[in-house]
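As structure tokens, the structure follows; a few thoughts come after it.
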Amino acid sequence: MTELLEVRSVTKRFGGLVANDDVSFTVGRGQIVGLIGPNGAGKTTMFNCVAGYFAPTEGEIHLDGHPVHGLSPEHCAKVGIARTFQVARTFTSMSVAENVMVGALMLRRNTTLARSKAMELLDFVGLARHADRAAGTLTVSEQRRLAVARALALSPKLLLMDEVMAGLNPTEVREAVDVVLKIRAQGISCLIVEHVLEGIMPIADRIVVLDYGKKIADGTPAQVSRDDRVIAAYLGE
Amino acid sequence: MKPPKETLDMNTLTLPAGARGDAPARPKKLHWNIALWMLGSIVLLVLPLFIDSPSHQNLLILILMAAQLGVAWNILGGFAGQVSLGHAAFFGIGAYTSTMLLMNFGVNPWLGALAGGALSVAVGTVIGWPTFRLKGHYFTMATIAIGELVQIVFNNWDAAGSAVGLTIPMDKQGIGMMIFAGKLPYYYLALGLLAISLGVSWWISRSFLGYYFRAIKDEPDAARSLGVSLTKYKLVALGFSSFLAALGGSLYAQKELYIDPNSVLHTGLSIKMALVSILGGVGSLFGPVVGAAAFTLIEEGSRILFGGTGRGTDLIVQAVIIIAIAVYKPSGLIGWGREIKDMVLRRKQGDAK
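Protein sequences appear in the order of chains A and B.
With my numbering applied, the first sequence covers 4 to 240.
With my numbering applied, the second sequence covers 1315 to 1667.
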């Protein structure tokens, strides 16, 4: 059986800069995979390649056995890749529920159905009581969860989350972790870029570590945290 | 093996009680809206019957036509956030298509107007395909260039009367030819077209298109991540917008019975379409209507009061009023109205307590 997401030897160059250098890894079904590394390691570039925002210079990306490299972001959304952004990118002219409705409308172009699906998902991420508030008035933590609900409205196979825990206080990190675990319980695989290692280490099934664009480690959180190269990359040599 | 993703397919699930959020005042509010709508419609239907002076009737027609163009512009510029300053091109294409079909082939202007709308959508699609890759101000600049370009083409196109323009013969009159001696029929045509445009605009704002347009306006990258193709839906917005603007152009041609590049393709006209929307409240359904009424009254009022000096005082007064609104009420007159309404409501609630 193939893995859900397979990244095979992906290289992404911007002119002379190599942001990702021959990176391969997989995300299994129902797994949480953490993508970590120091600043500038190429995590977000890898994310953008998987979500269709960049086409890899070399290499292939497969979802469920089908090639997805080079597809547009909107096409990626349709084949089952949902994502959130580092900054929440909330639709500020809309209410909280309407934000999620935009996602739900991809599968069913019916606003009434989209509204009820949005309410379900807001309940799922704990924002149901804010449904009719202006989305721009939510806190940063709430907007991150709103972005997750919005992405889940696509009924994706794989959810990419870009730093959902950055800048949150410990309580908010716990809330975010709960949401991620609940998503996995629904059978959706998660690929998470994260700086907050205390948040991601306990819940990830696997961790992929990037440094200067190259993969330097890939394994369980326990294995990775004992890896000399990882320690060197994080603490400096 | 299939991934167990059905668990999150929530289309068919029912909501837990209370999750929907409570919206108690909704039915009552809708009631009020319908009452206001009907009152407004009746006033607009009988209003011209009490106004004898053709120049005052003409003023009302100008307001309705400006409102209709604002509503058309607002679908692209307001809902989808793509500020076009070349919309006169679509207005002009509408005016020229129906007029040239009528004069050269005797085509009924009603059909000519639809043909103009269709041509306008076709031209818009060809223009939109490359220009929609541009963001923000760069898109706006491209639309200005395209507006100028279309103007130059018609200024030099002999079959379209070049700079001299085209005069529609008045020999056949009546509803079939859309030519009338009096002003009143044009008033009702303009009102009808405004109603259609508002209907389309309302339908869009309620449908998935309205959500997609606003998503594109707010956060284009996030919209793409949710399966919204930017180019496709910007083209859809432009399609509706340019079709309605072209219908407005055909009506203008039939009302004035004379068109030239300066009257139907001028950049000032493009700016006016944007201005009435921005003045009234960009992105709102009735904003352009309110804006058109305010703008036309400011325009005509300042012309009457200050126009005689020959020094352009009226234009200066117009500019000052517009700048004042833009600076102090960026949400437009509609936004201002809402603020006042909220204030009154809050005061009422305070009294009740």
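Every residue, glycine too, gets a C-beta built ideally from N, C-alpha and C.
Do residue i and residue j have their CB atoms nearer than 8 Å?
i, j, result
"B:LEU1399", "B:ILE1458", "yes"
"A:SER98", "A:ALA152", "no"
"B:VAL1542", "B:THR1454", "no"
"B:PHE1393", "B:SER1434", "no"
"A:SER119", "A:LEU161", "no"
"A:LEU200", "A:GLY40", "no"
"A:MET164", "A:GLY202", "no"
"A:GLY106", "A:VAL143", "no"
"B:TRP1647", "B:GLY1615", "In the sequence on display, residue 1647 of chain B carries Leu and not Trp. No. Outside cutoff."
"B:LEU1508", "B:VAL1385", "yes"
"A:VAL36", "A:ARG209", "yes"
"A:VAL227", "A:LYS46", "no"
"B:LEU1402", "B:LEU1540", "One point to set straight first is that residue 1402 of chain B is Ala, not Leu, in the sequence displayed. Not a contact, by the Cβ cut-off of 8 Å."
Among the options, which one has its Cα closest to the Cα of residue i?
i, options, result
"B:MET1379", "B:SER1369, B:THR1610 and B:LYS1449", "B:THR1610"
"A:TYR237", "A:VAL30, A:SER27, A:GLN34 and A:GLY43", "A:GLY43"
"B:LEU1416", "B:GLY1601, B:MET1492 and B:VAL1658", "B:MET1492"
"B:THR1481", "B:SER1555, B:LEU1659, B:TYR1566 and B:SER1369", "B:TYR1566"
"A:ALA207", "A:VAL183, A:LYS218, A:ALA156 and A:GLY216", "A:VAL183"
"A:LEU110", "A:PHE127, A:ARG132, A:SER158 and A:HIS69", "A:SER158"
"B:VAL1440", "B:GLY1594, B:THR1545, B:VAL1596 and B:LYS1643", "B:THR1545"
"B:ALA1559", "B:GLN1382, B:PRO1499, B:TYR1526 and B:PHE1620", "B:GLN1382"
"B:ILE1377", "B:GLN1568, B:ARG1661, B:GLY1562 and B:GLN1663", "B:GLY1562"
"B:LEU1373", "B:ILE1592, B:PHE1600, B:LYS1497 and B:SER1556", "B:LYS1497"
"A:LEU124", "A:ASP221, A:ALA150, A:GLY31 and A:THR114", "A:ALA150"
"A:GLY62", "A:GLN34, A:GLU77, A:ILE84 and A:ASN23", "A:ASN23"
"A:GLY31", "A:THR14, A:ASP231, A:ARG187 and A:MET204", "A:ARG187"
"A:GLN34", "A:GLN146, A:ARG11, A:THR223 and A:ILE234", "A:THR223"
"A:LEU8", "A:VAL21, A:LEU20, A:LEU66 and A:ARG16", "A:LEU66"
"A:VAL10", "A:ALA220, A:ASN113 and A:THR29", "A:THR29"
"B:HIS1580", "B:GLU1462, B:LYS1655, B:SER1591 and B:MET1657", "B:GLU1462"
"A:HIS198", "A:GLU166, A:VAL176 and A:ALA220", "A:GLU166"
Between residue i and chain B, is there a C-beta pair that is closer than 8 Å?
i, result
"A:LYS81", "yes"
"A:PRO173", "no"
"A:GLU6", "no"
"A:GLU145", "no"
"A:VAL21", "no"
"A:GLY106", "yes"
"A:MET97", "yes"
"A:MET164", "no"
"A:ALA220", "no"
"A:THR114", "yes"
"A:GLU9", "no"
"A:ARG153", "yes"
"A:PHE17", "no"
"A:PHE88", "yes"
"A:ARG209", "no"
"A:LEU157", "yes"
"A:ARG92", "yes"
"A:MET109", "yes"
"A:GLU178", "no"
Please decide whether residue i counts as near chain A, where near means a Cβ-Cβ distance under 8 Å.
i, result
"B:VAL1542", "yes"
"B:ALA1339", "Per-residue confidence for B:ALA1339 stands at a pLDDT of 42, beneath the threshold of 50, marking its modelled position as unreliable; the derived number appears in the next sentence. B:ALA1339 does not count as touching chain A."
"B:GLY1335", "Because the pLDDT of B:GLY1335 is 39, which lies under 50, any placement of that residue in the model is unreliable, and the number read from its coordinates should be weighed accordingly. Yes, B:GLY1335 lies at the interface with chain A (some Cβ there is under 8 Å from its Cβ)."
"B:GLN1663", "no"
"B:PRO1444", "no"
"B:ALA1551", "no"
Tell me whether residue i counts as near the ligand FAD, meaning its Cβ is closer than 7 Å to at least one heavy atom of that ligand.
i, result
"A:VAL183", "You won't find the ligand FAD in this model; it holds no ligand whatsoever."
What are the residues of the region 35 to 50 of chain A that lie near chain B, defined by any Cβ-Cβ distance shorter than 7 Å? none
Practice item. Determine contact between the region 1510 to 1529 of chain B and the region 55 to 62 of chain A, defined as no fewer than three beta-carbon pairs at a distance below 8 Å. Key: no
Checklist entry - Three or more beta-carbon pairs under 8 Å between the region 1410 to 1426 of chain B and the region 1564 to 1577 of chain B, yes or no? => result yes
Listed in chain order, which residues of the region 1508 to 1538 of chain B have Cβ atoms closer than 8 Å to some Cβ of chain A?
-> ARG1520, SER1521, PHE1522, TYR1525, TYR1526, ARG1528, ALA1529, LYS1531, ASP1532, GLU1533, ASP1535, ALA1536, ALA1537 and ARG1538
* With 7 Å as the C-beta to C-beta threshold (strictly closer), list the residues of the region 192 to 203 of chain A near chain B in chain order. => none
**Prompt:** Given 8 Å as the limit, is there contact between the region 127 to 146 of chain A and the region 99 to 113 of chain A, that is, 3 or more CB pairs closer than that?
**Reply:** yes
Quick check: the region 1521 to 1540 of chain B against the region 76 to 95 of chain A, are there 3 or more CB pairs under 8 Å?
yes
| request: Could you tell me whether the region 1363 to 1374 of chain B touches the region 1577 to 1591 of chain B, where touching means 3 or more Cβ pairs closer than 8 Å? | output: no
**Request:** Spell out a yes or no on whether the region 1592 to 1607 of chain B and the region 1643 to 1663 of chain B are touching, meaning 3 or more CB-CB pairs, one atom from each, closer than 8 Å.
**Result:** yes
Output needed in chain order: residues of the region 46 to 78 of chain A with a Cβ under 7 Å from some Cβ in chain B.
ALA54, PRO76 and GLU77
* Any residues in the region 226 to 237 of chain A with a beta carbon nearer than 9 Å to a beta carbon of chain B? Which ones, in chain order? -> none
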